[in-house]
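To start, the structure itself, in structure tokens.
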Amino acid sequence: MATAYHNLSDYDFNSVPDASGMRFGIVVSEWNSNITGALMKGAIDTLKKHGAKDENILVQTVPGSFELTFGSAQMIKSGKVDAVIAIGCVVRGDTPHFDYVCAGTTQGIAQLNATGDVPVIYGLITTNTMQQAEDRAGGKLGNKGDECAITAIKMIDFICKLK
697 MATAYHNLSD
707 YDFNSVPDAS
717 GMRFGIVVSE
727 WNSNITGALM
737 KGAIDTLKKH
747 GAKDENILVQ
757 TVPGSFELTF
767 GSAQMIKSGK
777 VDAVIAIGCV
787 VRGDTPHFDY
797 VCAGTTQGIA
807 QLNATGDVPV
817 IYGLITTNTM
827 QQAEDRAGGK
837 LGNKGDECAI
847 TAIKMIDFIC
857 KLK
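Quick note: the sequence shown uses our numbering, first residue 697, plus one each step.
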């Protein structure tokens, strides 16, 4: 979590398992693409730093953040991925739309995690301003995409250790 004391891109490189045999899905919202594109790039770059191969990173887009749950579920059903990173950005506006989209998406991703065998990593940025989103998409607070990639690698490793 980004705070004044923690940068989203700071982590111990050596604590992350080798990702060379892992398969990743990334579902990216097209809405606020200036933010989601930067988050996606951060995730892909970090996956590759840890050995993930291009052919093992499947990227698909959905129109908005609310569709991340459906997109993630379909990617899981494909059987082509060991984890899914769901990337979106919702910036608060003047109506309650923000609350509904954020709550629905969060609940949907939580449901996939609670009932499924493939981890879905929560990469939805929910902010009050566009500046706050920019700060978390490669700005002064790092890149949430980096954090999501590390989480995906560690969750796949977690599952592998249980088998």
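Cβ coordinates follow ideal geometry from the N, Cα and C atoms, glycine included. On a predicted model such as this, the values are computed, not experimentally measured, just so you know.
Item, Value
"What three-state label does DSSP hand MET697 in the structure shown?", "Caution applies to MET697, whose pLDDT of 48 falls short of 50 and renders its modelled position unreliable; the value that the coordinates give is listed next. Reduced to three states, the DSSP call for MET697 is coil."
"To the nearest angstrom, how far is it from the Cα of ASP750 to the Cα of LEU858?", "26 Å"
"With DSSP run on the structure shown, which of helix, strand or coil describes HIS702?", "strand"
"In whole angstroms, give me the CA-to-CA distance for ASP706 and ALA715.", "18 Å"
"As an exercise, report each continuous alpha helix (DSSP H) stretch of at least 4 residues that is fully enclosed by the segment 772-829, in chain order.", "793-811"
"How many Å lie between VAL780 and VAL816 at the Cα?", "5 Å"
"In chain order, which continuous runs of the beta strand (DSSP E) of length 3 or greater are located wholly inside the segment 704-759?", "720-725, 753-758"
"What do you reckon, are the CB atoms on CYS798 and SER761 nearer than 9 Å?", "yes"
"Terminal residues of the continuous alpha helix (DSSP H) containing LEU858?", "840-858"
"Within 10 Å of its beta-carbon, does MET736 have 16 or more other beta-carbons around it, so buried, or fewer, so exposed?", "buried"
"Do HIS746 and PRO713 have their beta-carbon atoms positioned less than 9 Å apart in this structure?", "yes"
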